[in-house]
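Peer 1:
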Amino acid sequence: MAATVLNEAQLEMLRMMSVVKSPEVLADLKQAVSDFFARKARQEIDSLWESGELTEEKTELFRHLHERTPYRQ
């Protein structure tokens with residue numbers, strides 16, 4: 024079995040998990056992590072919008088985008 028090498032972020036998350044003693048604390052931690060990534064995504068979208076890389080026309084194209092995984096038959 025191959026060994027898994029964890030990066031610093033993964034190790035830090037494991038250290039934080041040592042204080043989780045109840046399902047409520049786990050739910051709070053999961054919500055905090057979710058909020059963090061949602062905020063980062065929003066900041067990136069705002070940055071793309073301000074730079075002109077993302078426009079109303081481009082967002083409209085997403086509404087009609089149908090990418091599917093090809094499956095072998």
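Residue numbers 24 to 96, in the numbering used here, belong to the letters of the sequence shown in order. By construction, the Cβ of each residue, glycine as well, lies at the ideal position given by its N, Cα and C atoms.
1) Can the beta-carbon of MET39 be found closer than 9 Å to that of LEU29?
2) Tell me the rounded alpha-carbon separation between ASP69 and ALA61.
3) Tell me where the alpha helix (DSSP H) around VAL28 begins and ends.
4) Among GLU47, ALA55, ALA26, ALA25, which has the Cα closest to the Cα of MET36?
5) I need the boundaries of the alpha helix (DSSP H) containing LYS63, first residue and last residue.
Peer 2: Looking at the atomic coordinates:
1) no
2) 12 Å
3) From DSSP, VAL28 is part of no alpha helix (DSSP H); its letter is neither H nor E.
4) ALA55
5) 46-74
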